[in-house]
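Visitor: Quick one: the structure is below, questions incoming.
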Amino acid sequence: MTETLAAVLHEPGDLRIEPIEVREPGPGEVRIRVGVCGVCGSDATEYGRHLQLAEPPVALGHEFAGTIDAVGDGVTGLAVGATVVCGAGISCGECKPCRAGRTNLCRRYKTLGFAHHGGLAGYVVAPADIVLDVSDSGLAMDTLGLTQPMAIAVHTVRRSGLKAGDDAVIVGVGGIGVFITVAAVATGARVLVVDLNEERLALATALGATATLVAGTKPLTEAIDELGFDVDVFFEVSGSRPGLQSVLEASKPGVTIVPVGIQRGEPELPLGSWTLREMKVVGTVAHVFKTDFPDAVKLLQSRPDWSDVAPEAFPLDRLVPDVLQPLLDGSAQQIKALVDPWITEPRAAVHTKR
Ligand SMILES: [Zn+2]
Ligand SMILES: [Zn+2]
């Protein structure tokens, strides 16, 4: 085998399904036969708007699961045939944040699917130290395709310090908010989820949210008071100005705000009052593979079926019209779209446990 079909980004607006070379894994690397690859807003941004992370020409795809197909020299603990998930983020292991275990802040951080060929392809080569053997997880391949976004949520909740007995508010329950809801509920905290979309709020309830609020129907402060919440952490996931505004209005002294959604422009922030109210604003980016990936797998094991989150898998040649374009124009129906590089027609996702 020398070539495999891949979704190669050449420049914004120019994504081609074309063969790329499949190389042998080098020392410390493994080659993965991709089973499934999730697609998210970051892929859509690189394709449809501007290059932030991508170094084209590059095969996109950073949320993939598959089967080990070849193992390079010096790799231990990963055998051909093992079912694996990949963290996609490559850290150097030597810089200051790496040495402190904050590998997501590596000074030389690079991501498979942006800087190097990723998982929207038949095969991908990855460093073995960001590959986790999940052969015994009991999870279906399509479910394993949700591990990376779940790890992002695990990291977000870890950064927030949310714990059992706390109260949390999550504003925005789309492609990231859904996973944050799962991770937040799992801490044992009470969770209020806010969104404009009632269908998504119903999903949040199914995922264990304590309560939901249709955004705009009443002030967030009022809903919080009615519930008897005293909020410890706000996750602002929508990235919208009204979302941020509602969080700022509802914030009491001592709260933590995690602005997960990226705000465009420069919002005016009441820094003076934050000082006097000991507010904490916490950033979050990517995940720490070593700790966040195993926890993400556990969270995926906590539900029997993820069809409500990821109902369908698409072939590579439907990536632009059926997945990226809907993400860009806001018409995406499903929370998470999966791509199966080995099919030619869309199929229902399979989440039945093995
Ligand atoms: Zn992603
Ligand atoms: Zn580093």
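Its first residue numbered 252, the sequence shown is counted upward by one per residue in my numbering. Where is the CB? At the ideal position from N, CA and C, for every residue including glycine.
(1) Tell whether a beta-carbon distance below 8 Å holds between residue 289 and residue 549.
(2) Please determine, among 488, 352, 395 and 404, the residue with the shortest C-alpha to C-alpha distance to residue 601.
(3) Whole angstroms is fine: what's the gap from residue 488's alpha carbon to residue 555's?
(4) List the whole-angstrom C-beta distance separating residue 271 from residue 255, where the pair is believed to meet the contact cut-off of C-beta under 8 Å.
(5) How about residue 343 and residue 363: do their beta carbons lie closer than 8 Å?
(6) Is the beta carbon of residue 335 closer than 8 Å to that of residue 382?
(7) In terms of residue numbering, what span does the beta strand (DSSP E) encompassing residue 270 cover?
(8) Give me, in chain order, the residues of the same chain whose beta-carbon lies closer than 7 Å to that of residue 568; leave out the 5 immediate sequence neighbours on both sides.
(9) So what's residue 548 in DSSP terms, helix, strand or just coil?
(10) Give the DSSP bridge partners of residue 288, in chain order.
(11) Would residue 544 and residue 402 qualify as a contact pair, given that the criterion is a beta-carbon distance under 8 Å?
(12) Using the C-alpha atoms, what's the distance from residue 397 back to residue 305?
(13) Classify residue 510 as helix, strand or coil using the three-state DSSP reduction.
(14) What residue does the alpha helix (DSSP H) around residue 480 start on, and which one ends it?
(15) Is residue 443 helix, strand or coil when you go by DSSP?
(16) Could you check the C-alpha separation between residue 531 and residue 510 for me, to the nearest Å?
(17) Between 295, 379 and 296, which has its C-alpha nearest residue 323's C-alpha?
(18) Grab me the residues of residue 243's own chain with a C-beta within less than 6 Å of its C-beta, minus the 5 sequence neighbours each way, in chain order.
(19) What's the gap between the Cα of residue 583 and the Cα of residue 426?
Guide: In this structure, then:
(1) Translated into the one-based positions of the sequence shown, residue 289 becomes position 38. Translated into the one-based positions of the sequence shown, residue 549 becomes position 298. Judged by their CB atoms, residue 289 and residue 549 are not nearer to each other than the 8 Å cut-off.
(2) Numbered from 1 along the sequence shown, position 350 holds the residue referred to as residue 601. Closest by alpha carbon: 395.
(3) Counting from 1 along the sequence shown, the entry for residue 488 is found at position 237. Counting from 1 along the sequence shown, the entry for residue 555 is found at position 304. Spanning the two alpha carbons is a distance of roughly 26 Å.
(4) Taking the sequence shown and counting its residues from 1, one reaches residue 271 at position 20. Taking the sequence shown and counting its residues from 1, one reaches residue 255 at position 4. Yes, residue 271 and residue 255 are in contact; Cβ-Cβ is about 6 Å, under 8 Å.
(5) Sequence index remark: in the sequence shown, residue 343 carries index 92 (1-based). Sequence index remark: in the sequence shown, residue 363 carries index 112 (1-based). Residue 343 is not a Cβ neighbour of residue 363, given a cutoff of 8 Å.
(6) Taking the sequence shown and counting its residues from 1, the one referred to as residue 382 is at position 131. Taking the sequence shown and counting its residues from 1, the one referred to as residue 335 is at position 84. Cβ atoms of residue 382 and residue 335: closer than 8 Å.
(7) For the purposes of this step, residue 270 is taken as residue 19 along the sequence shown, with counting starting at 1. Looking at the DSSP string, the run of the beta strand (DSSP E) that includes residue 270 is 265-272.
(8) By one-based count along the sequence shown, residue 568 stands at place 317. The answer, listed in chain order, is 268.
(9) What you label residue 548 is simply residue 297 of the sequence shown in a count that begins at 1. Taken through DSSP and simplified to helix, strand or coil, residue 548 comes out as helix.
(10) Counted from its first residue, the sequence shown places residue 288 at position 37. Per DSSP, 315 and 590.
(11) Position 293 of the sequence shown, counted from the first residue, corresponds to residue 544. Position 151 of the sequence shown, counted from the first residue, corresponds to residue 402. Yes.
(12) The residue given as residue 305 occupies position 54 in the sequence shown. The residue given as residue 397 occupies position 146 in the sequence shown. Near 21 Å, if we compare the C-alpha coordinates of residue 397 and residue 305.
(13) Walking along the sequence shown from the start, residue 510 turns up at place 259. Reduced to three states, the DSSP call for residue 510 is strand.
(14) Locating residue 480 in the sequence shown gives position 229, counting from the first residue. Membership of residue 480 in any alpha helix (DSSP H) is not indicated, and neither H nor E is assigned to it by DSSP.
(15) For the purposes of this step, residue 443 is taken as residue 192 along the sequence shown, with counting starting at 1. Strand at residue 443.
(16) Residue mapping note: residue 531 aligns to position 280 of the sequence shown, counting from 1. Residue mapping note: residue 510 aligns to position 259 of the sequence shown, counting from 1. Rounded to whole angstroms, residue 531 to residue 510 spans 11 Å at the Cα level.
(17) One-based indexing of the sequence shown puts residue 323 at position 72. Out of 295, 379 and 296, 379 has the C-alpha closest to the C-alpha of residue 323.
(18) The requested residue 243 does not occur in the structure, where the chain is confined to residues 252 to 605.
(19) Residue 583 sits at position 332 when you count from the first residue of the sequence shown. Residue 426 sits at position 175 when you count from the first residue of the sequence shown. Residue 583 and residue 426 have their C-alpha atoms some 10 Å from each other.
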